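Down below is the structure, laid out as structure tokens.
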Amino acid sequence: MFQSKIQQILKIFTFVIIILFLHYKLLQICNYKKPSSDSIMLGVVSNSPPLCFDSNSYNHNSYRTEAGTYVSGSDIFLFQELAKKMNKQLKIKSLNFPGILNEVEQGTIDAAIGNMNITEERKKRMKTIEYDKSKIGFLIRKDNLKFQNYINKKEITLKDLKTLIKQHDISATTTVSSIYDIEILHKLNLHKSNLKEDLVNCVNEVENNRVDLFIFEHPVINLMTLLKANKQNKFQSLQLIDNENNDSNKELQHPLGIFINSKNQKLYQEITKKIDEIKKYNPNIMENLREKAIQTYKNDHIHNKQNNTIGTRIVNIIKTYQDSFYISLTLAIDAILIGFLLALILLPLKIWCQYSKKPIKKAINYILVLCIHFAKAVPITIQVVLMYNLLIQRIFFLKGLMGIFCISLTITLLNNAFYFLNNMSRQINFLEYGPIEAAYALGLTSKQVFRHIILEQILKREIPNIWDQFIVNLKETALYSIIGLPNLLWTAQRNIAITYDTITPFIIISIIYITLASLTQFLKQKTLFKKHNN
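Here it is as structure tokens:
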């Protein structure tokens with residue numbers, strides 16, 4: 001008996017230590033500090049070499065981010081020059097595209113850069129500074145007969161492209177939610193097909209002849225045809241040029257921009273002034289910085305090839321998934337614990353209101369039923385986007401990554417709570433009524449009967465479902481990258497952009513999910529076995 005109690009205490013102690021450790025790591029990852037006056041916090045999207053890309057610590061042209069990773073690229077070099085001229089220390093935060101512009105609006109970063117085009121919609125939301133012209137590029141297969149007159153050429157005129165589109169049904173891919181997806185494909189009358197989340201999968205669509213071309217920024221396209229993506233010399237790049245230069249064609253021009261919070265007028269004026277000074281002193285600065293970035297990118301690939309042992313690859317891969325793993329696991333555990341406790345609080349309310357004829361109790365029951373139906377019917381991605389857009393700008397403490405985590409946690413725990421509440425309230429109809437009648441005969445009150453008999457029977461049936469719902473929570477964390485929450489899927493997509501490997505990253509996260517699910521299932525079976533023996 002004493003030994004059994006010691007084991008129980010040790011299990012609880014171990015669980016508490018794990019929870020505390022996960023929350024400590026979460027606070028480290030999500031730590032938001034307002035930048036000091038002598039520094040500037042730059043948010044970057046590092047998936048578009050040579051403009052902005054993930055780099056290595058050994059490379060002297062790379063810069064350390066707040067998360068400990070390294071980035072490089074012409075956009076980074078430009079901002080380093082700006083920071084020097086402004087006498088500020090540059091701090092860098094690597095973000096994904098759904099989250100970076102929202103962080104600008106929240107003021108958790110001072111500015112954002114990284115192959116992002118200026119659009120009318122973005123101008124309404126924040127201040128924009130043009131720093132480079134946008135050049136449209138196409139990646140095509142050399143054996144595509146539709147482009148046989150352009151093989152080994154570097155350019156295609158807008159007039160010739162329009163003629164080609166009329167002659168052939170040309171299909172095109174690009175990255176989801178980019179300016180090419182939103183506007184340019186439609187304006188060029190290209191057939192949009194098989195859009196992807198990252199550049200590498202877009203290239204694969206062209207390689208496998210599922211689309212005719214991949215449209216994106218020309219410097220990015222051009223570099224991809226020079227390096228690993230074109231190792232078998234299958235592809236070539238074409239830059240779209242406009243010899244006519246009429247007003248209708250200006251609709252295709254969406255310059256690359258720096259994005260600043262609309263209230264930060266001082267920083268906007270300062271950066272605008274410094275960019276003008278830099279370009280006046282060196283009109284070709286962006287071309288020079290791109291050449292430097294291309295060489296940096298090539299050096300990274302050479303270094304990776306030379307140090308590409310199995311052990312090194314495994315260590316480096318594991319490091320990239322650490323933060324995402326901690327965030328996903330913490331969210332799943334917190335949601336299941338808080339959600340189940342909330343369901344236990346709501347259960348007596350649901351039972352007492354369910355058959356009441358009083359208007360207030362009927363209204364409460366109706367609200368609970370409506371919430372359960374909403375949680376079951378509306379996809380969780382829609383729920384989280386809806387809550388994010390409603391709350392992120394209106395509640396002051398929902399800042400940065402911690403705010404995104406809190407919104408994701410709230411949605412998950414509410415879905416868990418209403419799932420458990422629905423299950424437990426339905427189980428009322430399948431209770432063993434013998435012990436309940438005996439308890440009433442002994443003079444127990446309704447509250448005592450509920451607490452000691454009804455609730456005990458319900459928990460006995462519902463606790464096994466907690467383990468299964470925990471696995472569901474782990475899988476659903478992958479959906480929250482839509483609002484900028486780093487998770488295992490987001491990390492896998494980032495690794496694809498670095499390694500050009502579209503298989504290994506997804507195998508890794510599959511192994512992680514399978515391992516966690518198997519461990520959860522093992523703990524579930526062990527718990528049920530002990531209860532059965534008792």
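By UniProt numbering, the letter at position 357 of the sequence shown is numbered 357, and the numbering carries on one by one without gaps.
Note that the Cβ used here is the ideal one computed from N, Cα and C, for glycine as well.
The structure presented is a predicted model; accordingly, all values stated were derived computationally and were not measured.
Where the beta strand (DSSP E) containing residue i begins and where it ends
i, result
"residue 93", "89-94"
"residue 253", "That residue, residue 253, is in no beta strand (DSSP E); it is neither H nor E in DSSP."
"residue 136", "136-141"
"residue 213", "213-217"
"residue 157", "155-157"
"residue 145", "Premise fails: residue 145 is in no beta strand (DSSP E) and is neither H nor E."
"residue 238", "235-241"
Residue range of the alpha helix (DSSP H) that includes residue i
i, result
"residue 372", "359-377"
"residue 492", "488-499"
"residue 388", "380-391"
"residue 227", "Premise fails: residue 227 is in no alpha helix (DSSP H) and is neither H nor E."
"residue 265", "265-281"
"residue 197", "Looking at the DSSP string, residue 197 is not in any alpha helix (DSSP H), and its letter there is neither H nor E."
Proximity of residue i and residue j at Cβ, strictly below 9 Å
i, j, result
"residue 289", "residue 74", "yes"
"residue 90", "residue 126", "no"
"residue 466", "residue 340", "yes"
"residue 254", "residue 184", "yes"
"residue 59", "residue 494", "no"
"residue 517", "residue 505", "no"
"residue 97", "residue 116", "yes"
"residue 234", "residue 207", "yes"
"residue 66", "residue 88", "no"
"residue 413", "residue 464", "no"
"residue 112", "residue 260", "yes"
"residue 496", "residue 321", "no"
"residue 164", "residue 240", "no"
"residue 42", "residue 109", "yes"
"residue 51", "residue 278", "no"
"residue 99", "residue 404", "yes"
"residue 252", "residue 190", "no"
"residue 81", "residue 258", "no"
"residue 293", "residue 49", "yes"
"residue 351", "residue 418", "no"
"residue 45", "residue 95", "yes"
"residue 544", "residue 401", "Absent from the model: residue 544. The displayed extent of the chain is 1 to 534, so no value can be given."
"residue 256", "residue 217", "yes"
"residue 129", "residue 275", "yes"
Own chain, CB closer than 8 Å to residue i, minus 5 neighbours either side, in chain order
i, result
"residue 462", "420, 423, 424, 427"
"residue 349", "364, 368"
"residue 599", "What the structure shows of the chain is the stretch from 1 to 534, and residue 599 is not part of that stretch, so it cannot be assessed."
"residue 211", "171, 172, 173, 193, 194, 205"
"residue 347", "421, 424, 425, 455, 458"
"residue 104", "43, 111, 112, 126, 259, 260, 261"
"residue 181", "174, 175, 192, 195"
Close-in-space but distant-in-sequence residues of the same chain around residue i (CB under 7 Å, 5 per side omitted)
i, result
"residue 480", "384, 408, 487"
"residue 147", "140"
"residue 457", "431, 432"
"residue 411", "380, 383, 384, 387"
"residue 336", "416, 466, 469, 470, 473"
"residue 38", "88, 89"
Strand pairing of residue i, partner residues [DSSP]
i, result
"residue 127", "260"
"residue 112", "43, 259"
"residue 173", "214"
"residue 132", "256"
"residue 117", "256"
Within-9 Å CB hit, residue i to chain B
i, result
"residue 328", "Of the protein chains in the structure, only one exists, and it is not chain B."
Close beta carbons around residue i, own chain, < 6 Å, minus the five adjacent residues each side
i, result
"residue 471", "517, 520"
"residue 29", "323"
"residue 361", "353"
"residue 179", "117, 254"
"residue 17", "none"
"residue 514", "none"
In chain order, which continuous runs of the alpha helix (DSSP H) of length 4 or greater are located wholly inside the stretch 26-90? 74-85
Uninterrupted alpha helix (DSSP H) stretches inside the stretch 443-475 (no shorter than 4 residues): 446-449
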